[in-house]
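Residue numbers (this note's numbering): 7 to 156. Quick reminder that beta carbons are idealized off the backbone N, C-alpha and C, glycines included. A quick note: this is a predicted structure, and the numbers were derived from the prediction, not measured. Here the structure is laid out as structure tokens; the discussion comes afterwards.
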């Protein structure tokens, strides 16, 4: 979907790029610190070696560039897509999607109670995965069967 280039959309994309660059730089420096510690030893971050500095700067630059490019695609574009869908969808389709999502969440909550005792937190992971799948199936079914809700 190509959104109109209004000043508000451009401002939102620019803000998302700036926030993404800052978050990416912090994450890149932290990951670079982890890599440097694993590669050069535990005291390498304190000594200030030039190789460690290169790893930290490289991680920061790569992280900032990656999230500056990806942040508008992860934040602004899905919002514009959802806004467009909600503007043009009939009410029966929205009600059907809401009913399908509610049914999917209820079923996954009941399954999650049964799977909670699994070891190593696997019950949480499996129930979360089931919730995502069932909500998707519920929304798709609700929108396709919108005539039943009219």
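Within the same chain, and ignoring the five residues on either side of residue 141 in sequence, the residues whose Cβ sits closer than 7 Å to its Cβ are 107, 110, 111. Look at residue 12 here: in three-state DSSP terms it is coil, with no helix or strand label.
Judged by beta-carbon spacing, residue 27 lies within the 8 Å limit of residue 70, meaning their Cβ atoms are closer than that value.
Contact annotation: the segment 42-52 does not touch the segment 78-95, with fewer than three C-beta pairs closer than 8 Å.
The Cβ neighbour count for residue 99, taken over all protein chains shown within 10 Å, is at least 16; the residue is labelled buried.
Between the segment 114-125 and the segment 81-100 there are fewer than three C-beta pairs closer than 8 Å, too few to call the two in contact. With fewer than 16 neighbouring CB atoms inside 10 Å of its own CB, residue 127 falls in the exposed class. A Cβ-Cβ contact shorter than 8 Å links residue 62 with residue 35.
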